[in-house]
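Colleague: For the record, the sequence lines run as chains A, B and C.
The end of the first sequence is residue 254 by my numbering, with every number in the run present.
The end of the second sequence is residue 1271 by my numbering, with every number in the run present.
The end of the third sequence is residue 2268 by my numbering, with every number in the run present.
Glycine included, C-beta positions come from ideal geometry on N, C-alpha and C.
Since this is a predicted model, take the numbers as computed values, not measurements.
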Amino acid sequence: MRAARDRRVLLAQASAVLGFFLLWEGASRLGLADPRLLPPPTLVLPKVAELLADAGFRRHLWVTVRELLLAGVIAAPLGVGIGLALAESPYLGRAFKPFFHFVAAVPKSVFLPVFILLFGIGFGQKVAFGVFQALFVLVIATAAAVAAVPDELLRLARANGATRWQIWTEIHWNAMLPLILEGLRLGMIFNIAGVIFAEMYVSRAGLGQRFSTWGESFRMPELFAGVLIAAALSIIVNETLRALERRAGAWRTP
Amino acid sequence: MSLDLAESRQAPSAMTQDQPAIEVRGITHRYQTGRGEVLALRDINLSVAPGRFVGLVGPSGCGKSSLLMMMAGLVRPSEGSVAVAGAPVTRPAPERLGVVFQEASLLPWRTALENVAFPLKLRGVPRAEREARAGQLLHLVGLKGFEHRHPHELSGGMKQRVAIARGFCQDPPVLLMDEPFAALDEQTRMTLGDELLRIWDRHRKTVVFVTHGLTEAVYLCDEVVVLSGRPGEVLARIEIDLPRPRTWEMMATEHFGRLREQIWSLIRRQA
Amino acid sequence: MSATAAIPAREARRWRLSPVALRWLCLAALLALWEVAPRAGWVPQVILSPPSAALASGFAEWDFFASALAFTFGEILVSLCFAYGLGGLLGLVIGLSPFGRRAALPLVSSLYALPLVVIYPVMTAWFGIGPASKVWFASLYGIFPVILATAAGVQLVDRNLITMARAQGAGFWPMMAEVIIPAALPAVISGLRVGGALVTVGVVVAEMLASTDGIGFLITQNRTMFRTPQVYFGILLVLVLAGTLDTLISRLERRASRWRPQQDNAHE
């Protein structure tokens, strides 16, 4: 029963995606939309393969991937560290948690010009902007993860004479991991969007820079192919982290 | 012995009316689960005379709540039918059947008064009229002064009183109650039971009362219908021949104990 | 803020500052540093402009900024209508059907995770660099949280209430008006809040990338001309705009959940 239902859901989702591409193809072929503005998927998909085979494009892609990875590698320990500090010290928490909540809610993309003024328009500026986008949600997720550790489990562990280290590895780690991974996933989503936006705004290299150029010169097949590649990139990152999150949180109620 | 007594006492005025207030004819119910078909109820026949207070008890999972939902027209049985005063029930009919649920199920964004008036609002009764009626009912259930409180400001017992008042709101001849006191603590449950009897005594509605509390069943009812374990079937109908009004002292009597014991022995054999 | 004064004497007797005081002190120090550093020449003024200079030069050109702000605000309003209206409707439809929830929700949340900025060049190619491309882009940008929150809100409506209303013979519309929508409202409004923030960012980001008017355009224009104080002033205006919208919606949120038990607000 359950399996049959899941199959039906998958089928519906697959047909929705397929239907989307068919509609796109149809609109373009039947002249409902100007094929110069909406190139059909049968033209765009080969373009994806063509771009990926092109060394010049791969160089741009690699720039973006490196910016994203570096920003992630910097933001993750920093965000988790600040989050832990805020959660573990009630004093620091009371002093600065509202500040982080506030900044997390502020639209951060408008600060991009500040990053250009501070860091120029190169690689470092993109990384810094990516860190800035990812950091705050991670801090908040980590602080929330500490707060979500069930008190009765801590009491139980202490009653059984667990050491501080054991309490951390046995209870905190397991209870917090799924929430922190969720924060990391959201942070990476913001990171990707931020870095690509920064590249689109002003830059010499990277995926975003290609998109802007293609858009301005009306090279629509390349632009659509690029959009698909950027979407695939973020889906891969998102789904990988989501899978980790699910595995770490398998004990949670579904 | 109690059965003998019951028979000797038969012929109260309510029983002599020929039209039953609610009648269940040949209800059988099956449903699908992940592991195949489950037969929940088998060939239930039951008729309740007007003005009677009838309890429905049975082991957990015997389908007594489902049976009540079918009486309320909320669930359609696989086979069989329900009639209220001779007219079939195929969908919810609030003007004929009031329902009180285990969870008070109050709209949290409405005040106590508005919750009681809710059924009348659905009927399009003007505001002044429906709120006047709801105010009387709140007074009846002992909640005068709490009209403008929201549910989160009321205790569990008070919420259930509001729900009972709502059940009475359209003055339906039949009231279906699905374990209405199950979520309450023992003391509140006893008090509310007495309140319910007091109100019932004034209005003499037909009540079908699902419960898993045997003491409660004996204390409140004229008759207790015992269902078997799955598939649920009617095992016995036990007449509770304690005089009305019921008092707390009755619970300590040997007769009360025997009636309770009789029901328990029927259920225990099922479990 | 009364909490600041209410910090017990026990706390004050110790040499340590109260946490709230520490927070404001840090912010004040940061602000002071921001003012002093460029003035003292520690940082070039073209990189960091003192807040006083930003405000002064901003208000000196207030007419410019005001008309750009009005233009942006108009785009935001139109986009909000699309994102809220369409998003709420879609969320309602998806949330009401169990199959829709299982099939459509994962798709919508995957779309939400995509870096949507990438389609802005498509929008400008299609609709030009006028307001139309901003409205399309920002509506799309803000619609997903509205859909997701509405669907989640509808899904989480207490089943007991639905059964109760059914027992009272409530039809589709009374069920919607009396049970489903009021029950889902708090969740929906928090979705509107996130969606509103995204719409604002969407419009401004789009203006920054390619446009001829609006506050985002002014920010970019001033940046390319190295008029740093005006850049900071523009950013400040966007923050004020987003903050105002957020305050309005959170006030609505409080009104919509007045019937709920008071939550203890931990944040000062």
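Suppose you measure from the CA of Phe2226 of chain C to the CA of Ser2049 of chain C; what does that come to, to the nearest Å?
Modeller: Cα to Cα, Phe2226 of chain C sits roughly 11 Å from Ser2049 of chain C.
Colleague: Does the distance from the CB of Gly2216 of chain C to the CB of Thr2072 of chain C come in under 9 Å?
Modeller: In this structure, Thr2072 of chain C lies closer than 9 Å to Gly2216 of chain C by Cβ.
Colleague: Counting along the chain, where does the alpha helix (DSSP H) carrying Val1210 of chain B start and finish?
Modeller: Careful: Val1210 of chain B lies outside any alpha helix (DSSP H), inside the beta strand (DSSP E) at 1206-1210.
Colleague: For a contact defined as C-beta to C-beta under 8 Å, what are the partners of Val1092 of chain B on chain C?
Modeller: Note on identity: in this sequence residue 1092 of chain B is Pro, with Val being the wrong assignment. The answer, in chain order, is Arg2166, Ala2167, Gln2168, Gly2169.
Colleague: Specify whether the segment 2124-2142 of chain C and the segment 2069-2088 of chain C touch according to this definition: at least 3 beta carbon pairs, one from each stretch, less than 8 Å apart.
Modeller: The segment 2124-2142 of chain C is in contact with the segment 2069-2088 of chain C.
Colleague: Within the same chain, show all residues whose beta-carbon is closer than 6 Å to that of Arg1096 of chain B, passing over the 5 residues directly before and after it, in chain order.
Modeller: The residues are Val1084, Pro1172.
Colleague: Quick one: list the residues of chain E neighbouring Leu1074 of chain B, beta-carbon separation under 9 Å, in chain order.
Modeller: No chain E appears in this structure, whose protein chains are A, B and C.
Colleague: Can you tell me whether Cys1221 of chain B is buried or exposed? The criterion is at least 16 other CB atoms within 10 Å of its CB, across all chains shown.
Modeller: Classification of Cys1221 of chain B: buried, given that the 10 Å Cβ count is 16 or more.
Colleague: Tell me, please, whether the segment 2140-2152 of chain C touches the segment 2185-2193 of chain C by the rule of three or more beta-carbon pairs shorter than 8 Å.
Modeller: At 8 Å Cβ cutoff, the stretches touch.
Colleague: Within 9 Å (strictly less), CB to CB, does Arg8 of chain A reach chain C?
Modeller: Answer yes: the Cβ-Cβ gap between Arg8 of chain A and chain C drops below 9 Å somewhere.
Colleague: Give the single residue among B:Leu1074, B:Gln1102, B:Gly1086 whose Cα lies nearest to the Cα of Pro954 of chain B.
Modeller: Past the edges of chain B, shown from 1001 to 1271, lies residue 954 of chain B, and the structure says nothing about it.
Colleague: In angstroms, rounded to a whole number, what distance separates the CA positions of Val1116 of chain B and Arg1076 of chain B?
Modeller: Distance between the alpha carbons of Val1116 of chain B and Arg1076 of chain B: 27 Å.
Colleague: Does the segment 87-95 of chain A come close enough to the segment 154-161 of chain A that 3 or more CB-CB pairs lie under 8 Å?
Modeller: No, the segment 154-161 of chain A is not in contact with the segment 87-95 of chain A.
Colleague: Using the beta-carbon of each residue, which ones in chain A are nearer than 9 Å to Asp2213 of chain C?
Modeller: The premise fails here: Asp2213 of chain C is roughly 17 Å from chain A at the closest Cβ pair, so nothing lies under 9 Å.
Colleague: For a test of the three-state rule: what should DSSP assign to Val2046 of chain C, helix, strand or coil?
Modeller: Val2046 of chain C falls in the coil class under three-state DSSP.
Colleague: Determine the direct distance from the alpha carbon of Val1048 of chain B to that of Gln1019 of chain B, and round the result to whole angstroms.
Modeller: So the two alpha carbons sit approximately 9 Å from each other.
Colleague: Any beta-carbon of chain C closer than 9 Å to the one on Glu216 of chain A?
Modeller: Answer yes: the Cβ-Cβ gap between Glu216 of chain A and chain C drops below 9 Å somewhere.
Colleague: In angstroms with no decimal places, state the Cα-to-Cα distance between Ile1263 of chain B and Leu1214 of chain B.
Modeller: Answer to the nearest angstrom: the Cα atoms are 7 Å apart.
Colleague: Check whether chain A comes within 9 Å of Met2225 of chain C, counting only Cβ atoms and requiring the distance to be less than that.
Modeller: With 9 Å as the cut-off, Met2225 of chain C does not count as an interface residue toward chain A.
Colleague: Can you say whether Lys1144 of chain B is buried or exposed, counting buried as having 16 or more other CB atoms within 10 angstroms of its CB?
Modeller: Exposed: under 16 other Cβ atoms inside 10 Å.
Colleague: Given Gly2214 of chain C, which residues of its chain have a CB within under 6 Å of its CB, disregarding the five upstream and five downstream residues?
Modeller: So the qualifying residues of the chain are Ala2068, Phe2071, Thr2072, Glu2207.
Colleague: Run through the segment 1120-1179 of chain B for me and flag every whole beta strand (DSSP E) of 3 or more residues, listed as ranges in chain order.
Modeller: 1174-1178, all fully within the segment 1120-1179 of chain B.
Colleague: What are the boundary residues of the alpha helix (DSSP H) that Ala2125 of chain C is part of?
Modeller: Here the alpha helix (DSSP H) through Ala2125 of chain C covers 2120-2127.
Colleague: Is it buried or exposed for Thr42 of chain A, if we count other Cβ within 10 angstroms and need 16 for buried?
Modeller: That one is exposed.
Colleague: Mind the definition here: the segment 2093-2111 of chain C touches the segment 2120-2131 of chain C only if three or more C-beta pairs lie below 8 Å; say whether that holds.
Modeller: Taking 8 Å as the limit for Cβ pairs, the verdict is that the segment 2120-2131 of chain C does not touch the segment 2093-2111 of chain C.
Colleague: If the cut is a Cβ gap below 7 Å, which residues of chain B does Trp2259 of chain C touch?
Modeller: Those are Pro1108, Trp1109, His1150, listed as they occur along chain B.
Colleague: Looking only at its chain, what residues have a beta carbon closer than 7 Å to the beta carbon of Val1226 of chain B, apart from the 5 residues adjacent to it on each side?
Modeller: Cβ within range, chain order: Val1057, Gly1058, Leu1235, Ala1236, Ile1238, Ile1263, Leu1266, Ile1267.
Colleague: Do Ile1027 of chain B and Leu1067 of chain B have their C-beta atoms closer together than 9 Å?
Modeller: Contact flag set, yes.
Colleague: Taking the Cβ atom as the reference point for each residue, do Arg210 of chain A and Gly194 of chain A lie within a distance shorter than 9 Å?
Modeller: In this structure, Gly194 of chain A does not lie closer than 9 Å to Arg210 of chain A by Cβ.
Colleague: Just checking my contact of Leu2185 of chain C with Phe2064 of chain C at CB under 8 Å: how many whole Å lie between their CB atoms?
Modeller: The Cβ separation is near 40 Å, so there is no contact.
Colleague: I'd like the list of long-range same chain contacts for His1212 of chain B, defined as Cβ closer than 6 Å, with 5 residues on each side in sequence excluded.
Modeller: Taken in chain order, the list of residues that qualify is empty.
Colleague: Would you call Arg185 of chain A buried or exposed, if buried means 16 or more other Cβ atoms sit within 10 Å of its Cβ?
Modeller: Buried.
Colleague: Would you kindly work out how many angstroms separate the C-alpha atoms of Glu2011 of chain C and Val2238 of chain C, rounded to a whole number?
Modeller: Confidence at Glu2011 of chain C is low in this model, with a pLDDT of 48, below 50, so the placement of that residue is unreliable and no value is reported for it.
Colleague: I'd like the list of long-range same chain contacts for Lys97 of chain A, defined as Cβ closer than 6 Å, with 5 residues on each side in sequence excluded.
Modeller: Once the five neighbours on either side are set aside, the close Cβ partners of Lys97 of chain A are Leu86.
Colleague: Please report the Cβ distance between Phe190 of chain A and Ala134 of chain A, rounded to the nearest whole angstrom; I am assuming they are in contact, meaning their Cβ atoms lie under 8 Å.
Modeller: So it is a contact: roughly 5 Å between Cβ atoms.
Colleague: Quick check: what's the CA-CA separation for Asn160 of chain A versus Val149 of chain A?
Modeller: Spanning the two alpha carbons is a distance of roughly 17 Å.
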